[in-house]
Structure formats: C-alpha cells, structure tokens
Amino acid sequence: MSIQDNAKKLPIGRRIVRALRSLVGLKNDPIPVEHVKLNRSQYKNIWNAVSVSENDAKMAVSGYIDEDLYRQMGEGTRDMLQSYVGIGPDDVVLEIGAGVGRVGAALAPICKEWIGADVAENMLGHIRQRLAAFDNVRTVATSGFDLSAVPDASVDVVYSTVVFMHLEEWDRFNYIKEGFRILRPGGRMLVDNVDITSDLGWKFFEEHCAVPPFERPAQISKTSTPQELETYFKRAGYEAIEQVRAGLWIITYGRKPAAQEQPQEQPAEQQASSPAEEAQAAG
Ligand SMILES: C[S@@+](CC[C@H](N)C(=O)[O-])C[C@H]1O[C@@H](n2cnc3c(N)ncnc32)[C@H](O)[C@@H]1O
10 MSIQDNAKKL
20 PIGRRIVRAL
30 RSLVGLKNDP
40 IPVEHVKLNR
50 SQYKNIWNAV
60 SVSENDAKMA
70 VSGYIDEDLY
80 RQMGEGTRDM
90 LQSYVGIGPD
100 DVVLEIGAGV
110 GRVGAALAPI
120 CKEWIGADVA
130 ENMLGHIRQR
140 LAAFDNVRTV
150 ATSGFDLSAV
160 PDASVDVVYS
170 TVVFMHLEEW
180 DRFNYIKEGF
190 RILRPGGRML
200 VDNVDITSDL
210 GWKFFEEHCA
220 VPPFERPAQI
230 SKTSTPQELE
240 TYFKRAGYEA
250 IEQVRAGLWI
260 ITYGRKPAAQ
270 EQPQEQPAEQ
280 QASSPAEEAQ
290 AAG
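The numbers in this note's numbering rise by one with no breaks, and the one at position 167 of the sequence shown is 176.
The structure is reproduced here in structure tokens:
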C-alpha cells in the first residue's frame, strides 16, 4: 500500500483499491458482526480481534497475504519515506500503527533502530516473529491515544501510514503532538491519509456513503483534507511543513525545530516588564 507507488502509477492500481475496500469491509465481509457494535475509539479491542493469526492480521492490514507483494509494497513505502523525510544509518525510526511490520522489514536494514508501535499486542507479536532476524527491531504497545512508553527526544523519524483513516480526528492530532514530543530537535514526522479533495478520495468517500449507518464497522475509513493535516502539524509546532498530493493520498510531513540556544538571563533591571511599563519607558 505504498503511496510512492500510487503516485507513480496513477490512476491507482485496482489491486490497491480492492485491498482498501476489503480493509473497510466493503468486500468479502471480513469484519465480524460484533465489531459493528464497538465504539470507534475502542482501538485495542477492534484491532486485536482482527489480528489473532498472522494471515488474518495481514488481511486486516492490507487485504492480501502474498509475501512478495508485502516486500514490494514495503520497499515502496521505504522509498517514499527516504525521499520525503530521509532515513539515515544513525536514525532511530518509529512507526505508529506498524501492523505486521510491512514497512519495518524494509527499514530495519537501513536505520539504527526501527520501533514498531501499535495498539494491538497481537500485531506486535507478528512483528516480533516476522522480523526476528533483525536485532535492531523493537515493539511498543500503545494505549491507542499516545506514545507514553517512549521517552522525550529519543527518536529521529516518526511516521504513520495507512492508519489515520481509522482514527478519530482528536487522536490523529494527539499522535502528531506525541511525535513532536518524542522527536529529537531536527527530527522529522510524516503521516498520510485518503484525501477527500482528490477525485479518487471523493470516489472512496462516496463508496463509504453506501454503507448503511448502523452497519458501519467501527474502524471504517475516514478521509482528511490537506488543511486538516497541515493544521495539526502547525499547531503541534512543526516547521518546514510540506504536503504531497498523490492520487488517493495526502502526505504531510514536517520537522521539529532544531534546539535553540537559551537566551542568557538578563540582569533584573533590564528584564521585560508589563506592556504598560514598556510603553512608558519607550516615552
Ligand atoms: C491498515 S493497518 C496499517 C499497518 C501498517 N502501517 C502498514 O502500512 O502496513 C492499521 C494499523 O494501525 C493500528 N492501529 C489502529 N488504531 C490504532 C491506534 N489508535 N493507535 C495505534 N495503532 C493503531 C492497527 O492495529 C493496524 O496495525
């Protein structure tokens, strides 16, 4: 499910559309009925339930289980990350919503450490098995809302791909803020979502309109506008924010400002006072 591939192969390949349709229950009815009754915010229950076996997890993540396709798509996402935020051999990289490690398998060989963070412990178990050959892979379980297990300023690149569509807006923003917190100064963050303002994104949205309200799966995909994601990045404090529209997708990335030198404390008599005093002093 590589955005880079999507960008190159416009209009988007039918296989990817089918995978997305399958993911949200529009095809093959892969979602057990009880999930319909779950609240959308019960991320842990929803995603643990669909990821008990490796194959079920792969179907839930991507809509296919073919390992060759997995490798190819993982490499496509790696290339996309390389070209937008850069991945170096000294970088600690963290993925929010890492699934079964589709992207991690392509990144672990080229970075210092790859951390797969996911709300579903079952997904993390599949990552540990599938990526067991790498000694620089670590997994972290999240609450579904934050990255509290990850220390401040400990990571160089944070990204989340094919995940925001399943999250409430508040939780999207909170992960972008959490990314900012765990990034070192100068670190980079990238996220993507389906872009409702694109023709393909609109088609995707319309297809979801066809799902009867009371049959909507809890994790049904919801789109973003470019402005929504840009706003989150701005409000969280990122700089050098860029956006790429790639067919179905809107990709947004930015940088945590480099550490600034703390200004020397001024002697008491030179310290700034109230606006009224400042105005008086200015004459
Ligand atoms: C469609 S899959 C994408 C997996 C992976 N990013 C990839 O592209 O292969 C969505 C993933 O997000 C995880 N997820 C869903 N809600 C989450 C949340 N609130 N916090 C963290 N991970 C979440 C799911 O468990 C699942 O692994």
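Glycine included, each C-beta is placed from N, C-alpha and C at the ideal position.
Query - Spatial distance of Gly256 from Lys231 (CA atoms) - result: 16 Å
Query raised in the report: Cβ of Val70 versus every heavy atom of ligand 1: is any distance shorter than 6 Å?
Result: yes
Report task. Look up Gly34 in the DSSP assignment and say whether it is helix, strand or coil. Result -> Unreliable placement is indicated for Gly34, whose pLDDT of 44 sits below 50; no coordinate value is reported for it.
Report task. Alpha carbon to alpha carbon, how far is Pro226 from Lys46? Give it in angstroms, no decimals. Result -> 8 Å
Requested in this report: Alpha carbon to alpha carbon, how far is Arg147 from Ser163? Give it in angstroms, no decimals.
Outcome: 14 Å
**Report entry** Reduced DSSP secondary structure (H/G/I, E/B, other) of Ile229
**Finding:** coil
Query raised in the report: Is the Cβ-Cβ distance between Ser169 and Gly106 less than 7 Å?
Result: yes
Report task. Run the proximity test for Tyr79: is its beta-carbon closer than 6 Å to any non-hydrogen atom belonging to ligand 1? Result -> no
Requested in this report: Indicate whether the contact test is met: 3 or more Cβ pairs, each with one atom in the region 108-117 and one in the region 56-72, closer than 8 Å.
Outcome: yes
Query raised in the report: Between which two residues does the beta strand (DSSP E) carrying Gln252 extend?
Result: Glu248 to Ala255
Query raised in the report: Taking Cβ positions, are Gln252 and Pro235 nearer each other than 7 Å?
Result: yes
Query raised in the report: Among Val102, Glu76 and Phe154, which has the Cα closest to the Cα of Arg87?
Result: Val102
Query raised in the report: How about Asp161 and Arg190: are their beta carbons less than 7 Å apart?
Result: yes
Requested in this report: With DSSP collapsed to three states, give me the class of Ser50.
Outcome: coil
Query raised in the report: Applying the criterion that 16 or more other CB atoms from any shown protein chain within 10 Å of the CB defines a buried residue, is Phe242 buried or exposed?
Result: buried
**Report entry** Within-7 Å CB hit, Pro160 to chain C
**Finding:** Going by chain labels, chain C is absent from the structure shown, which holds only one protein chain.
Report task. Buried or exposed for Gly113, please, with buried defined as at least 16 other CB atoms from any protein chain shown within 10 angstroms of its CB. Result -> buried
Query raised in the report: Thinking just about the alpha-carbon of each residue, which of Glu224, Ala69, Gln269 and Ile185 is nearest to the one in Asp201?
Result: Ile185
Query raised in the report: Between Trp56 and Ala129, what straight-line distance do the alpha-carbon atoms span, to the nearest angstrom?
Result: 6 Å
Query raised in the report: Heavy atom of ligand 1 less than 6 Å from the Cβ of His175, yes or no?
Result: yes
Report task. Whole angstroms is fine: what's the gap from Glu216's alpha carbon to Gln269's? Result -> 48 Å
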